[in-house]
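Okay, structure first, notes after.
2 protein chains.
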Amino acid sequence: MKARNGRGRSGAGRYRSPGTNSGVMEEGNKITINDVAKAAGVSKGTVDRVLHDRGEVSQKSREKILKVIKELGYRPNFYASILASRKNYLISCIIPEFNNGEFWELTEKGIDQGREYAGRFGISINAVLYDQYDLESFQDACEKVLASRPSGVVIAPMFRNETLKFVKELTENHIPYVYIDSKLEDDGYLAYYGMPMYQSGYLCADILTDGRDVRKVHVIRIARDKRGLSDPTLTRRTGLVDYISEHYPDCDVENTFIDPKSREERYRKLDEMFASDPDPDKYIVMCNSRVHFVAEYLRDRGIRSCRVVGFDVLEKNVSALKDGYVQALIAQHSDRQAASAITAITDYLILHSGPQKKDNYTQMDILNKYNCDYYL
Amino acid sequence: MKARNGRGRSGAGRYRSPGTNSGVMEEGNKITINDVAKAAGVSKGTVDRVLHDRGEVSQKSREKILKVIKELGYRPNFYASILASRKNYLISCIIPEFNNGEFWELTEKGIDQGREYAGRFGISINAVLYDQYDLESFQDACEKVLASRPSGVVIAPMFRNETLKFVKELTENHIPYVYIDSKLEDDGYLAYYGMPMYQSGYLCADILTDGRDVRKVHVIRIARDKRGLSDPTLTRRTGLVDYISEHYPDCDVENTFIDPKSREERYRKLDEMFASDPDPDKYIVMCNSRVHFVAEYLRDRGIRSCRVVGFDVLEKNVSALKDGYVQALIAQHSDRQAASAITAITDYLILHSGPQKKDNYTQMDILNKYNCDYYL
DNA sequence: TATTTTTCCGTTACCGCACACGGAATTAAA
DNA sequence: TTTAATTCCGTGTGCGGTAACGGAAAAATA
Numbered sequence: 000m001k002a003r004n005g006r007g008r009s010g011a012g013r014y015r016s017p018g019t020n021s022g023v024m025e026e027g028n029k030i031t032i033n034d035v036a037k038a039a040g041v042s043k044g045t046v047d048r049v050l051h052d053r054g055e056v057s058q059k060s061r062e063k064i065l066k067v068i069k070e071l072g073y074r075p076n077f078y079a080s081i082l083a084s085r086k087n088y089l090i091s092c093i094i095p096e097f098n099n100g101e102f103w104e105l106t107e108k109g110i111d112q113g114r115e116y117a118g119r120f121g122i123s124i125n126a127v128l129y130d131q132y133d134l135e136s137f138q139d140a141c142e143k144v145l146a147s148r149p150s151g152v153v154i155a156p157m158f159r160n161e162t163l164k165f166v167k168e169l170t171e172n173h174i175p176y177v178y179i180d181s182k183l184e185d186d187g188y189l190a191y192y193g194m195p196m197y198q199s200g201y202l203c204a205d206i207l208t209d210g211r212d213v214r215k216v217h218v219i220r221i222a223r224d225k226r227g228l229s230d231p232t233l234t235r236r237t238g239l240v241d242y243i244s245e246h247y248p249d250c251d252v253e254n255t256f257i258d259p260k261s262r263e264e265r266y267r268k269l270d271e272m273f274a275s276d277p278d279p280d281k282y283i284v285m286c287n288s289r290v291h292f293v294a295e296y297l298r299d300r301g302i303r304s305c306r307v308v309g310f311d312v313l314e315k316n317v318s319a320l321k322d323g324y325v326q327a328l329i330a331q332h333s334d335r336q337a338a339s340a341i342t343a344i345t346d347y348l349i350l351h352s353g354p355q356k357k358d359n360y361t362q363m364d365i366l367n368k369y370n371c372d373y374y375l
Numbered sequence: 000m001k002a003r004n005g006r007g008r009s010g011a012g013r014y015r016s017p018g019t020n021s022g023v024m025e026e027g028n029k030i031t032i033n034d035v036a037k038a039a040g041v042s043k044g045t046v047d048r049v050l051h052d053r054g055e056v057s058q059k060s061r062e063k064i065l066k067v068i069k070e071l072g073y074r075p076n077f078y079a080s081i082l083a084s085r086k087n088y089l090i091s092c093i094i095p096e097f098n099n100g101e102f103w104e105l106t107e108k109g110i111d112q113g114r115e116y117a118g119r120f121g122i123s124i125n126a127v128l129y130d131q132y133d134l135e136s137f138q139d140a141c142e143k144v145l146a147s148r149p150s151g152v153v154i155a156p157m158f159r160n161e162t163l164k165f166v167k168e169l170t171e172n173h174i175p176y177v178y179i180d181s182k183l184e185d186d187g188y189l190a191y192y193g194m195p196m197y198q199s200g201y202l203c204a205d206i207l208t209d210g211r212d213v214r215k216v217h218v219i220r221i222a223r224d225k226r227g228l229s230d231p232t233l234t235r236r237t238g239l240v241d242y243i244s245e246h247y248p249d250c251d252v253e254n255t256f257i258d259p260k261s262r263e264e265r266y267r268k269l270d271e272m273f274a275s276d277p278d279p280d281k282y283i284v285m286c287n288s289r290v291h292f293v294a295e296y297l298r299d300r301g302i303r304s305c306r307v308v309g310f311d312v313l314e315k316n317v318s319a320l321k322d323g324y325v326q327a328l329i330a331q332h333s334d335r336q337a338a339s340a341i342t343a344i345t346d347y348l349i350l351h352s353g354p355q356k357k358d359n360y361t362q363m364d365i366l367n368k369y370n371c372d373y374y375l
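Keeping their order, the protein sequence lines are chains A and B.
Under numbering that gives the first Met the number 0, the first residue of the first sequence carries the number 0, and numbering increases by one thereafter.
Under numbering that gives the first Met the number 0, the first residue of the second sequence carries the number 0, and numbering increases by one thereafter.
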């Protein structure tokens, strides 16, 4: 059981022992723009011009400089760069508005985290919220963002066509954008951070059924009049249904629609559901973030015989988990998605490097009453 | 459902509308050292002296400058700072050595992530490995690290007494250090990143038993001659046992010791275990990262009737999960722990700010065959 | 060929900070 | 009082870039 490599044992410490050029530390790269200029026989102004494609450089010099840059392995020092060019980068985030305790609040938290990171590089972040049920407000938001001439955009798309129109404009203005939550089928985006929706439904079904003898699964859904707006949880429901029909061919999947705005209405619907089927051991799923609606009902009715699975780490959901009205929660960490999105754009602006992966499917964490405390 | 705040709707874009002083953006802080100097009626050299406690400043000037700094809310620009002071910060990490596919490899991955972050701030990272079963090699490592005069240290402690001695020296030299994986009872550390061990055992038992009628739980352990070295999984086992005795008072917990170095020996022990108890439906737990040993055995023996739970996202463990020889894995993401540790020290060195929380218990992710793909 | 335009490039002044250097003012020693 | 030692502080240079400015060389036009 020897050390796999000698890194620790040898040069212990000194981060660049003189004469050593082992690439391990990759930090000794002290080649400056002046070195490049000298080696290319030009002035640093010229080098800077090719570095930023500012033109006014002869083809010959340009090639020479590019060659030298590659040979020397020159990489600009971005402290100096940021210091000298006092640009005001701005990244705008377009997300649905929300009330306290709702899903998109998590995303905003992530934006705050991202702001902290970006702030270190002199990049500011602003969030533009829109009503996810109101097309016009979305268009409004897009216009405002465009008007603010951002250096990058993070967007959680809800309206397909309008979003496509919007990102087309971004592309024309060479503004990089990254999708969070869900993405569209264009491929001009810099990156995407979201949950694998189909798989999350599949996973959810597995946790719900858990090898038991399940005859019926109740899917509770939000009654909404969708007017061309995309429902991201649709795919999730497909995954759920697929799992059931693969593993429990005789199991029914029944939909119940509830109203997010009226508690009485919800109770009535759920009462009906329970009345229609005498078996008190029910398997219940909610594919969006509002499983706390179900938990609230169960708590009030004193029903503890159901197995309930939901999504997302909302405070209300977690407390339902702790109280035992919900057995498991699947978390997608939309905060981390937002933060990663901002980080990706920041790095793109500062380091001129794209993210390693374009499509990033964040992990699906399974929470139960014993580990939920550690998810904030 | 109106926007919770008007941020998005109002100033849409402009990152600092003139006249607005809302702290939200916290970026507009353009007060330089020169502004401070002017306001205090001294030169920037003097301001610099008090900023760095370099002395040679009269009490009177010092106080005045400090006052002005506070009043103006001056915060140094750390690009300029790093650029001007070409210091060579070094963070050393002391962790156990490992072979490919073993637990500590994850930690090293995290160190690499941390290196990328720290590298941006001109900070280099080096890793010093030690044999976790050899006290002397640990002492060796500590000495080497001390000799390299690091600006900060990350340490995964295995030997209690020696570690305490070591961190005492660090403290004397004003070198900040952070614990990962486990921590000791001193409190001079800058931060700690690790898993809540007791809770992880408790959680593990919950997942293993899963509401079933469990009569006996088999805990597989590594036979090791411990000579005063601390076993971090001990606490985990305690949590496990506590859960069982709380929820399954009639359930036995039986230990089986296997040898990590000899497969035959392992098979023999496990054969014995299966022979001793005719019931093929066994509940098996391994409290360290090597549940793949059990999976390997089950695969070879063609046994599929057991419920097995283990820890950590090693490649072998994940494939056992996929193949169905292990039902669940609890992940502690030691990579993230290491990366966070490095980030914490980096921020401390650059921003002079400690981490928000000193003790950070990372989340315990539950992996099964349907979500494991998204954990790398 | 003389003049204008275009193309291309070097020079230079910062950006905000760190730190060396040298000098004025004050105090101690002679 | 003269000289030496302290104490305190301002100035200046450079870190590695950015970008404005102006001018020389080459090309186009007269």
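By construction, the Cβ of each residue, glycine as well, lies at the ideal position given by its N, Cα and C atoms.
These numbers come from a predicted model, not from an experiment.
- Note that the C-beta distance between K268/B and I257/B is below 9 Å.
- Scanning its chain for C-beta atoms nearer than 6 Å, with the 5 sequence neighbours on each side dropped, one finds around A204/A the residues L239, Y242 and I243, in chain order.
- T170/A has its alpha-carbon roughly 11 Å from the corresponding atom of D185/A.
- A residue is called buried once 16 or more other Cβ atoms fall within 10 Å of its Cβ, and S333/B is buried on that count.
- Contacts between P354/A and chain B, judged by CB atoms closer than 7 Å, are missing: the closest CB pair is about 13 Å apart.
- When DSSP states are grouped into helix, strand and coil, C92/B belongs to the strand group.
- Note on G100/B: under 16 other CB atoms within 10 angstroms of its CB, so exposed under the neighbour-count rule.
- A117/A is positioned such that its CB atom lies closer than 9 Å to that of I344/A.
- Close partners of T361/A in chain B (Cβ separation under 8 Å): Y373.
- For N76/A, the secondary structure class from DSSP, reduced to helix, strand or coil, is coil.
- Ranked by how close their Cα comes to the Cα of M285/B, the residues R220/B, S42/B, V317/B and S339/B have R220/B in first place.
- Counting the other Cβ atoms within 10 Å of the Cβ of P248/A gives fewer than 16, which makes it exposed.
- By the Cβ neighbour-count rule, A294/A is buried, with 16 or more other Cβ atoms within 10 Å of its own.
- Neighbourhood of Q198/A in chain B, by CB distance below 9 Å: Y369, N370, D372 and Y373, in chain order.
- With fewer than 16 other Cβ atoms inside 10 Å of its own Cβ, D270/A counts as exposed.
- One thing to note: A340/A has its Cβ no nearer than 9 Å to the Cβ of E107/A.
- If you draw a straight line from the Cα of Y132/B to the Cα of K167/B, it comes to about 22 Å.
- In the structure shown, the three-state DSSP call for V177/B is strand.
- For N316/B, the closest Cβ of chain A is not nearer than 9 Å.
- Your pair Y176/B and K182/B does not check out as a contact, with CB atoms roughly 10 Å apart and the cut at 8 Å.
- Nearest C-alpha to K260/A among E115/A, N98/A and G193/A: N98/A.
- For the segment 59-88 of chain B, the residues whose beta carbon sits under 7 Å from a beta carbon of chain A are, in order, Y78, A79, I81, L82 and N87.
- With a threshold of 16 other beta carbon atoms within 10 Å, R53/B falls short and is exposed.
- Contact check for V153/B against I81/B fails: the beta carbons are separated by 9 Å or more.
- For I365/B, the nearest CB of chain A lies under 9 Å from its own CB, placing it at the interface with that chain.
- Taking CB atoms only, I154/B has no neighbour in chain A less than 9 Å away.
- Under DSSP, the beta-bridge partners assigned to H217/A are E253/A and I283/A.
- Following the DSSP letters along the chain, one finds D270/B inside the alpha helix (DSSP H) bounded by residues R262 to S275.
- For N33/A, the enclosing alpha helix (DSSP H) stretches over residues I32 to A39.
- Rounded to the nearest angstrom, the gap between the Cα atoms of K66/A and I122/B is 29 Å.
- Within the same chain, A327 come within 6 Å of N367/A by CB-CB distance, once the 5 residues on both sides are set aside.
- R61/B sits in a helix when the DSSP states are folded into three classes.
- Think of a sphere of 8 Å around the beta carbon of L202/A: the chain B residues whose beta carbon falls inside it are N367, Y369 and N370, in chain order.
- Secondary structure at N87/A: coil, using DSSP grouped into helix, strand and coil.
- Excluding sequence positions up to five before and after D358/A, its CB lies within less than 6 Å of the CB of Y191, all in the same chain and listed in chain order.
- Per DSSP, the beta-bridge partners of R306/A are Y282/A.
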